[in-house]
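Heads up: the structure comes next, in structure tokens.
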Amino acid sequence: MIAATRLEEDLLRFVRDKLAAPGMATSITRDTRLFEDRVVDSLKILELIAFVQSAIGRKIPDAQIVLANFRSIQTISRVFTGGESISERRPARRLSRRDQSANSAVDKLLARRELELTNDGALRMHGAVAALRDVFDNTVRDWANELGATELHFPDEISLSVLDRAGFLSAFPQKLIHTEEAARPPAVCYHHYPTLAGSVVDGGSIVTALGCSYRNEFDLNSTQPAERLREFTMREIITVGDDELVETVRRSLMERVELWIKELGLDGFIETATDPFFTDESRGRRLMQQMLPLKYELRLRVDRVGRTIAAASFNNHHDHFGEAFGIRLRSGETASSGCVAFGWERWVIAFVNQHGPDERNWPVSVRNDVAASA
Numbered sequence: 015m016i017a018a019t020r021l022e023e024d025l026l027r028f029v030r031d032k033l034a035a036p037g038m039a040t041s042i043t044r045d046t047r048l049f050e051d052r053v054v055d056s057l058k059i060l061e062l063i064a065f066v067q068s069a070i071g072r073k074i075p076d077a078q079i080v081l082a083n084f085r086s087i088q089t090i091s092r093v094f095t096g097g098e099s100i101s102e103r104r105p106a107r108r109l110s111r112r113d114q115s116a117n118s119a120v121d122k123l124l125a126r127r128e129l130e131l132t133n134d135g136a137l138r139m140h141g142a143v144a145a146l147r148d149v150f151d152n153t154v155r156d157w158a159n160e161l162g163a164t165e166l167h168f169p170d171e172i173s174l175s176v177l178d179r180a181g182f183l184s185a186f187p188q189k190l191i192h193t194e195e196a197a198r199p200p201a202v203c204y205h206h207y208p209t210l211a212g213s214v215v216d217g218g219s220i221v222t223a224l225g226c227s228y229r230n231e232f233d234l235n236s237t238q239p240a241e242r243l244r245e246f247t248m249r250e251i252i253t254v255g256d257d258e259l260v261e262t263v264r265r266s267l268m269e270r271v272e273l274w275i276k277e278l279g280l281d282g283f284i285e286t287a288t289d290p291f292f293t294d295e296s297r298g299r300r301l302m303q304q305m306l307p308l309k310y311e312l313r314l315r316v317d318r319v320g321r322t323i324a325a326a327s328f329n330n331h332h333d334h335f336g337e338a339f340g341i342r343l344r345s346g347e348t349a350s351s352g353c354v355a356f357g358w359e360r361w362v363i364a365f366v367n368q369h370g371p372d373e374r375n376w377p378v379s380v381r382n383d384v385a386a387s388a
């Protein structure tokens, strides 16, 4: 097996000569953060992994391709020459001991017409569940206000040229829902970036918006049609600025959500997500998401055996939208962006399936908020 010091020297030479951008090579050391400092991107990651595999004489299992093992040249050398390696782990899914009936709470609410699943893939809410959704949304809107976010309102259509510029048309054409002259927005945040096109963002920008998103994924004949809708309600908090601002906002909201689901008495967990927000399915970009990671998801339990659905996402786009729309920082660098999104239909589904359809059995704090909102 190659010695750690030898691998370290070879890697340092390789990264400086082959991967580093012009002008960056001399500043790279054994401790340089290869991903956070953007030495490695979605193309160069494949070269880096191939070089390490060639040097150590074996294939690296996918489970070991995580940021903790590739953070720096020194880390790579230590891990893959006999040091302790970290494999990607998922949190254990906790099961509630609450006795539940065989029929889900959603089915009961549909029968009582407090939920209404339309043939074209929307979930309409009435009574206490509509108030519950509003309580959820008011909570996150208040968080956004504390962050200094500006509340915006966007239309129910979006230009195809905007989606093309954003990269959605090439990545997910099959998910797009067309109108006569435009399309339905696949996510709320796509409306925001063109408003900043060609501008300089000084000090960063945080906005929030509530709106409908649309994706061609609904199947009325599926076993759980209400969980994957054609039209669904999203509250998004969108940040544009430097890397530090984007990641600070994302991390702070993840911490809030982790505390919130405990307060709500919900079984759920946040994990890294590998389905891309704005890119295609190329291996390099998937690995980049796994390693940084660019996306986390909140998954909430929806039945008594532990099945979960994604109810929120925490996305770091880096400079993808900044580059696409020509958004710059005062320094002249391309702006980064991030988006934290909450899907309220899925929150309601998870909440009522865990706590039951009768609001008298909901946590006291939620009952009080629902009563005040109704």
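Numbered per the numbering used here, the sequence shown spans residues 15 to 388.
All residues carry an ideal CB built from backbone N, CA and C; glycine is no exception.
Small disclaimer: the values here were computed from a predicted structure and weren't measured.
Handout entry: serine 118 burial status per 10 Å Cβ neighbour count (16 or more: buried)
Key = buried
Practice task
Figure out for me which residue from Asp333, Glu61 and Gly320 has the closest Cα to the Cα of asparagine 367.
Solution key: Gly320
Practice task
Check whether the region 353-365 touches the region 313-333, counting contact only when three or more Cβ pairs, one atom from each stretch, lie closer than 8 Å.
Solution key: yes
Exercise for the section: Look at the Cβ atom of proline 239, then the Cβ atom of phenylalanine 246, and state whether they are nearer than 8 Å. Expected result: no
Practice task
In angstroms with no decimal places, state the Cα-to-Cα distance between arginine 244 and arginine 229.
Solution key: 5 Å
Exercise for the section: State whether the region 333-343 contacts the region 275-285, with contact taken as three or more CB pairs (one from each stretch) at a distance under 8 Å. Expected result: no
Exercise for the section: Give me the Cβ distance between isoleucine 79 and isoleucine 63, rounded to the nearest whole Å; I'm assuming they're in contact under 8 Å. Expected result: 7 Å
Handout entry: Straight-line gap, isoleucine 74 to leucine 21 (C-alpha atoms, nearest Å)
Key = 15 Å
Problem - Simplified DSSP state of aspartate 294, which is helix, strand or coil - result: In this prediction, aspartate 294 has a pLDDT of 46, which is less than 50 and means its spatial position is unreliable; what the coordinates show is noted afterwards. DSSP places aspartate 294 in coil when its eight states are reduced to three.
Exercise for the section: Could you tell me which residues DSSP pairs with phenylalanine 356 in its beta bridges? Expected result: Arg249 and Ala326
Exercise for the section: Please classify serine 387: does DSSP put it in a helix, a strand, or coil? Expected result: helix
Handout entry: When Glu261, Ala158 and Cys353 are compared against tyrosine 204, the one with the closest alpha-carbon
Key = Cys353
Handout entry: 8 Å Cβ cutoff met for serine 173 and alanine 201
Key = no
Practice task
Would you decide whether aspartate 134 is buried or exposed? Buried here means 16 or more other CB atoms lie within 10 Å of its CB.
Solution key: exposed
Problem - As assigned by DSSP and simplified to three states, the class of valine 120 - result: helix
Practice task
Within the same chain, show all residues whose beta-carbon is closer than 7 Å to that of arginine 92, passing over the 5 residues directly before and after it, in chain order.
Solution key: Ala18
Exercise for the section: Please classify glutamate 373: does DSSP put it in a helix, a strand, or coil? Expected result: helix
Handout entry: Proximal residues to arginine 249 (C-beta, below 6 Å), its chain only, five neighbours per side dropped
Key = Asp151, Val154, Leu224 and Phe356
Practice task
Would you list, in sequence order, the uninterrupted alpha helix (DSSP H) runs of no fewer than 4 residues that lie entirely inside the region 37-70?
Solution key: 58-70
Problem - Counterpart residues of alanine 223 in DSSP-defined beta bridges - result: Leu166 and Glu250
Practice task
Inspect the beta-carbon positions of serine 345 and glycine 255 and report whether they are closer than 8 Å.
Solution key: no
Practice task
Select from Ala125, Lys32 and Leu177 the residue whose C-alpha is nearest the C-alpha of proline 208.
Solution key: Leu177
Practice task
Could you have a look at glutamine 114 and say whether DSSP puts it in helix, strand or coil?
Solution key: Because the pLDDT at glutamine 114 is just 40, under 50, the model does not fix this residue reliably, and the value given afterwards should be weighed accordingly. Looking at glutamine 114 - three-state DSSP - the assignment turns out to be coil, as it is neither helix nor strand.
Exercise for the section: May I ask you to report which of helix, strand or coil DSSP gives lysine 309? Expected result: strand
Handout entry: Beta-carbon gap between serine 387 and aspartate 148 smaller than 8 Å
Key = yes
Exercise for the section: Starting from arginine 138, follow the beta strand (DSSP E) in both directions and report where the run begins and ends. Expected result: 137-139
Practice task
Kindly indicate which three-state DSSP category valine 214 falls into: helix, strand or coil?
Solution key: strand
Exercise for the section: Find out if the Cβ-Cβ distance for the pair isoleucine 251, isoleucine 220 is shorter than 8 Å. Expected result: yes
Problem - Contacting residues, own chain, Cβ-Cβ under 7 Å from leucine 123 (five flanking each side not counted) - result: Leu129, Val143, Val366 and Pro371
Handout entry: Classification of histidine 140 by the beta-carbon crowding that lies within 10 angstroms, buried from 16 upward
Key = exposed
Problem - For threonine 446, three-class secondary structure by DSSP - result: Summary: the structure shown does not reach residue 446, with the chain confined to residues 15 through 388, and so no result is reported for it.
Handout entry: Delimiting residues of the alpha helix (DSSP H) encompassing isoleucine 21
Key = This sequence places leucine at residue 21; isoleucine is not what is there. Counting along the chain, the alpha helix (DSSP H) containing leucine 21 begins and ends at 18-28.
Handout entry: Reduced DSSP secondary structure (H/G/I, E/B, other) of glycine 181
Key = coil
Practice task
Return the chain-ordered list of same chain residues with a C-beta closer than 7 Å to the C-beta of leucine 259, the five sequence neighbours on each side being excluded.
Solution key: Gly218 and Thr253
Practice task
Between the Cα of glycine 282 and those of Asp257, Leu314 and Trp361, spot the shortest distance and give me the residue it belongs to.
Solution key: Leu314
Exercise for the section: Provide the residue span of the beta strand (DSSP E) that contains threonine 286, from first to last. Expected result: 282-286
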